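Here is the structure we will look at.
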Amino acid sequence: MTNSTTVAPMSPSPGDNTTGLGNLHEEHPSEKLSACAQTSYELSSWIQYSLIPALTIIIVFSFLEPRVRLWPKCCKMRPSIASPANLIDSYDDRWAFACAFAAMSTCVIMLFTGEWFYNPDISSVPEMFQGTILIFIAIVNVLEISIAYYPLLLCLSTDHEALGNTLGLINTSIWMYYYIATLAACPRDGGMEAQTITAVLGPVYICYLILFLRFFYGMVVSIRKMFCPAKESSVNMVTIGGERDDAFAKTHYYKRVKYLLTPVKPEGEVSFTVRLRRKFIDDAPGFKFSRRSICTFVLSALTTYQLGLVYVMSITSVWDATNQTFAVGGELYDLFAKVNETSTFLKIKTFFDIAEDTFWPTCYFAIATTVGYSLHMLICYRKHTLRLWRGNKDFCPTKQASFSSLVVANLRFTGYHIGFSVWGFFILQILSWVIVFFIVYFIIYPLTIAVETVVLGLLKNYWLSLVVGFVLYYAQVFLSQLAFLQSEKQDNKTTTHFCLDNRRAYNVTVYITLFMNVILGLLSCLMRIFKAVIFGVLFIGRIDRSTLMRGWELWDPGFKAYIGFLQLEVAHTHPVVVTFCHLLWKTIDTSRSSQPSYKTFEVVEEAQQENVKSASSTHSLPKVKCRRARNRWFVALTLMRNRALTISRVPVLPELQQVREDSRDKTGSNAVKVSPVAADAEGATTVTTETEQWV
1 MTNSTTVAPM
11 SPSPGDNTTG
21 LGNLHEEHPS
31 EKLSACAQTS
41 YELSSWIQYS
51 LIPALTIIIV
61 FSFLEPRVRL
71 WPKCCKMRPS
81 IASPANLIDS
91 YDDRWAFACA
101 FAAMSTCVIM
111 LFTGEWFYNP
121 DISSVPEMFQ
131 GTILIFIAIV
141 NVLEISIAYY
151 PLLLCLSTDH
161 EALGNTLGLI
171 NTSIWMYYYI
181 ATLAACPRDG
191 GMEAQTITAV
201 LGPVYICYLI
211 LFLRFFYGMV
221 VSIRKMFCPA
231 KESSVNMVTI
241 GGERDDAFAK
251 THYYKRVKYL
261 LTPVKPEGEV
271 SFTVRLRRKF
281 IDDAPGFKFS
291 RRSICTFVLS
301 ALTTYQLGLV
311 YVMSITSVWD
321 ATNQTFAVGG
331 ELYDLFAKVN
341 ETSTFLKIKT
351 FFDIAEDTFW
361 PTCYFAIATT
371 VGYSLHMLIC
381 YRKHTLRLWR
391 GNKDFCPTKQ
401 ASFSSLVVAN
411 LRFTGYHIGF
421 SVWGFFILQI
431 LSWVIVFFIV
441 YFIIYPLTIA
451 VETVVLGLLK
461 NYWLSLVVGF
471 VLYYAQVFLS
481 QLAFLQSEKQ
491 DNKTTTHFCL
501 DNRRAYNVTV
511 YITLFMNVIL
521 GLLSCLMRIF
531 KAVIFGVLFI
541 GRIDRSTLMR
551 GWELWDPGFK
561 AYIGFLQLEV
571 AHTHPVVVTF
581 CHLLWKTIDT
591 SRSSQPSYKT
601 FEVVEEAQQE
611 NVKSASSTHS
621 LPKVKCRRAR
631 NRWFVALTLM
641 RNRALTISRV
651 PVLPELQQVR
661 EDSRDKTGSN
671 AVKVSPVAAD
681 AEGATTVTTE
691 TEQWV
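Each residue of the sequence shown is one higher than the one before, counting from 1 in full-length UniProt numbering.
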């Protein structure tokens with residue numbers, strides 16, 4: 001592939017600077033190179049040229065938002081760090097952000113296939129350092145992709161809607177022009193190559209179209225707000241402290257808490273569709289998929305789909321070359337015919353024909369299964385989030401990981417999910433291909449031509465032994481259920497209790513089956529290995545379940561990343577906690593606005609998020625400074641009057657050790673007093689310390 005498309009050759013020829021998609025079919029002179037590889041723009045050059053406007057947009061947005069903590073007095077709190085997206089506790093514009101991340105999938109494919117945008121020649125570097133240099137080159141390519149697509153996320157997440165939608169519309173239009181030009185270069189009669197490229201880039205076109213419509217609609221809405229302000233509505237109104245709170249009533253936090261506080265009503269007859277849906281997804285009013293979960297699902301599914309198609313197209317040339325080599329009447333056939341070994345040639349040809357026939361179904365099966373795993377991850381995410389909301393952590397590792405490791409695991413979640421899905425696709429395809437090929441070539445095909453093979457001979461000689469082994473294995477199960485467990489009948493129903501019956505017969509059975517179970521244990525161990533390999537490889541792409549045994553889950557990096565993502569998100573988005581904090585802050589704001597400007601011990605958080613916007617204005621900044629100075633003065637006055645608090649507040653230095661001991665002696669002898677007022681009240685006695693009197 002040239003850099004103008006998203007499909008790279010698996011093994012480009014050395015010294016060829018235009019490794020196009022047509023190189024996959026260079027072995028067929030009759031076929032022309034696909035015009036998809038002849039577009040006027042290369043993706044590597046397009047990415048590098050787009051870095052200039054991308055950096056410009058990033059700088060512009062960095063001056064629009066003030067800094068929070070770093071050097072608040074410098075340059076009027078500008079510039080700041082332009083955050084691309086809130087992926088912790090945000091639930092707005094989920095599908096728009098998912099489309100923005102999906103638009104990056106083409107570049108992710110090129111990173112996987114080794115078609116890097118920045119790839120200098122390192123042949124002159126010693127081999128000892130080439131691997132290290134390649135790591136830094138890969139980091140540079142990742143940074144290029146991140147910067148090139150940074151403006152898309154900035155335009156979606158900014159509070160300056162008019163500017164963000166305008167720049168986003170322009171940026172999306174430019175990228176749409178590039179991909180439409182790439183699609184226009186692919187002729188309709190370009191064969192499987194052009195069709196595969198169209199299928200690979202098809203979802204990307206749809207994502208850019210959705211982003212274009214999103215930015216266009218947002219720009220129209222923002223312009224309308226500027227000239228036609230909307231009137232306040234009383235629908236879904238929530239009153240907190242006498243003030244309306246319409247925005248919070250529309251959130252899923254409010255709906256979830258309202259559902260929890262509503263008494264449960266008896267449910268009538270439920271339809272069949274509802275019962276069928278509840279078998280897979282439980283009812284959970286107030287639940288909403290987070291922005292990061294949706295983005296992860298879309299990016300993972302799209303990346304796996306595109307890589308699968310690239311893999312299929314790349315292997316197509318291999319099978320074409322194999323069919324041409326083993327064609328009847330070809331050069332290889334003539335060589336076997338000269339030595340009268342045409343039967344051997346036909347056996348080899350049959351081997352490759354069956355291998356090719358079983359390859360294609362397993363490829364599409366692996367693609368569909370891996371994409372299905374990504375969809376199933378959303379179902380597991382929903383189920384596990386609801387469990388964590390209830391405080392149920394039975395699916396989590398018994399050993400609690402440290403907070404720092406959970407934060408790191410949360411950072412790795414999306415990347416790990418995509419990487420595990422890609423590996424899961426390749427491993428699942430190879431394993432399923434080997435199994436299907438083995439069954440077809442060694443069992444089904446010999447039966448069709450009435451030829452006995454080694455596998456058929458083993459099955460013919462030992463099938464009865466396998467049947468007897470299974471009968472003995474399950475006979476113990478039925479015997480235990482019928483003879484060794486107590487049961488009783490009530491209302492035409494048999495209830496079995498976990499209590500032994502016929503103990504003498506049970507002891508005899510234990511003794512007799514002791515040595516027989518040794519042989520069954522050997523066979524069961526082989527079955528255990530077989531099941532572990534099959535299911536371990538089958539579910540290697542899933543990170544919502546650990547492939548390791550209970551107690552060793554934290555050794556599984558994928559499962560650990562999933563647990564870290566869940567726990568950190570639930571810690572910041574639990575509906576009950578968020579609702580409680582929201583009501584608390586609304587009450588505090590209401591009480592502050594109703595109180596005089598000077599109140600003793602009015603606490604002001606220096607790093608409070610809500611003061612960022614107010615601190616940016618010239619009128620509110622002196623007020624915040626006055627509050628800080630007043631609070632610090634109250635703290636200093638309190639510490640001067642209470643030496644015990646002073647010693648507890650600062651680390652104990654050697655010279656303050658004597659002061660602490662004196663304070664303890666004084667507290668033990670003179671600091672405990674009985675309040676006379678409290679003593680006269682019904683004989684009650686209240687103990688008051690010196691510190692409490694001063695406070």
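We treat Cβ as the ideally placed atom computed from N, Cα and C, and that holds for glycine. Please read these numbers as outputs of a predicted model, since none were measured by experiment.
Distance, residue j Cα to residue i Cα
i: Gln-48; j: Trp-175; result: 13 Å
i: Thr-600; j: Cys-626; result: Legend: pLDDT at Thr-600 = 39, less than 50; position of this residue unreliable, value from coordinates given subsequently. The straight-line gap from Cα to Cα measures roughly 13 Å.
i: Ser-404; j: Glu-569; result: 14 Å
i: Arg-630; j: Ala-636; result: 10 Å
i: Cys-380; j: Val-451; result: 48 Å
i: Asp-282; j: Met-128; result: 56 Å
i: Trp-389; j: Ile-563; result: 14 Å
i: Lys-489; j: Thr-495; result: 6 Å
i: Leu-183; j: Ile-197; result: 8 Å
i: Ile-354; j: Phe-426; result: 20 Å
i: Asn-470; j: Val-508; result: Residue 470 is actually Phe in this sequence, not Asn. C-alpha separation (whole angstroms): 22 Å.
i: Arg-67; j: Ile-59; result: 14 Å
i: Ser-124; j: Cys-363; result: 40 Å
i: Thr-369; j: Tyr-416; result: 18 Å
i: Lys-531; j: Cys-525; result: 10 Å
i: Arg-224; j: Arg-214; result: 15 Å
i: Arg-291; j: Ile-88; result: 8 Å
Given residue i as reference, the closest of the options once Cα atoms are compared
i: Trp-95; options: Leu-299, Lys-338 and Cys-396; result: Leu-299
i: Ile-135; options: Leu-111, Leu-167 and Val-537; result: Leu-111
i: Phe-359; options: Phe-345, Met-313, Leu-211 and Tyr-333; result: Met-313
i: Ile-367; options: Phe-559, Phe-470 and Ser-432; result: Ser-432
i: Lys-347; options: Phe-442, Leu-309, Thr-495 and Cys-74; result: Phe-442
i: Val-200; options: Lys-493, Trp-116 and Ser-105; result: Ser-105
i: Met-77; options: Lys-250, Leu-64, Gln-486 and Ile-88; result: Leu-64
i: Val-468; options: Leu-523, Tyr-445, Phe-426 and Gln-490; result: Leu-523
i: Lys-255; options: Asp-589, Val-578, Leu-584 and Ser-591; result: Val-578
i: Tyr-178; options: Ser-50, Thr-590 and Tyr-562; result: Ser-50
i: Ala-181; options: Trp-46, Phe-61, Ile-52 and Arg-382; result: Trp-46
i: Leu-583; options: Val-257, Arg-632, Ala-571 and Glu-356; result: Val-257
i: Leu-261; options: Thr-273, Lys-250, Ser-271 and Gly-286; result: Gly-286
i: Ile-439; options: Lys-493, Phe-425 and Val-454; result: Val-454
i: Gly-308; options: Leu-87, Gln-324, Arg-504 and Phe-365; result: Phe-365
i: Met-226; options: Trp-585, Arg-632, Arg-214 and His-160; result: His-160
i: Ala-284; options: Val-436, Leu-154, Pro-446 and Leu-386; result: Leu-386
i: Ser-44; options: Cys-107, Val-407, Arg-69 and Cys-99; result: Cys-107
Counted within 10 angstroms of its Cβ, other Cβ atoms place residue i as buried (16 or more) or exposed
i: Pro-126; result: exposed
i: Asn-670; result: In this prediction, Asn-670 scores a pLDDT of 47, lower than 50, which makes its location untrustworthy; the coordinate-derived value is nonetheless stated afterwards. Its Cβ having fewer than 16 others within 10 Å, Asn-670 is exposed.
i: Gln-567; result: buried
i: Gly-457; result: exposed
i: Tyr-118; result: exposed
i: Ile-519; result: exposed
i: Gly-536; result: exposed
i: Ala-321; result: exposed
i: Glu-144; result: buried
i: Thr-132; result: exposed
i: Tyr-462; result: exposed
i: Glu-115; result: buried
i: Phe-101; result: buried
i: Tyr-474; result: exposed
i: Ser-343; result: exposed
i: Leu-482; result: exposed
Supposed contact pair residue j and residue i - C-beta distance, whole angstroms, cut 8 Å
i: Leu-378; j: Phe-289; result: 7 Å
i: Gln-130; j: Ile-122; result: 6 Å
i: Gln-306; j: Ile-109; result: 5 Å
i: Phe-565; j: Phe-413; result: 4 Å
i: Gln-211; j: Phe-61; result: In the sequence on display, residue 211 carries Leu and not Gln. Between Phe-61 and Leu-211 the Cβ distance is about 17 Å, and since that is not below 8 Å, they are no contact.
**OP:** Specify whether the region 273-291 and the region 319-331 touch according to this definition: at least 3 beta carbon pairs, one from each stretch, less than 8 Å apart.
**Re:** no
Original post:
Can at least three beta-carbon pairs, one atom from the region 208-223 and one from the region 153-173, be found at a separation below 8 Å?
Top reply: Judged by Cβ distances under 8 Å, the region 208-223 makes contact with the region 153-173, as three or more pairs qualify.
**OP:** Could you tell me whether the region 531-550 touches the region 370-379, using the rule of 3 or more Cβ pairs below 8 Å?
**Re:** Between the region 531-550 and the region 370-379, the count of C-beta pairs closer than 8 Å reaches three or more; the two stretches touch.
**OP:** Take every Cβ of the region 79-93, pair it with every Cβ of the region 149-163, and state whether three or more of those distances are shorter than 8 Å.
**Re:** yes
Original post:
If you pair each beta-carbon of the region 257-268 with each one of the region 527-536, do three or more pairs fall below 8 Å?
Top reply: no
Original post:
Below 8 Å, can you find three or more Cβ-Cβ pairs linking the region 545-556 to the region 388-399?
Top reply: yes
Original post:
Is the region 487-500 in contact with the region 332-351, if contact means three or more CB pairs nearer than 8 Å?
Top reply: no
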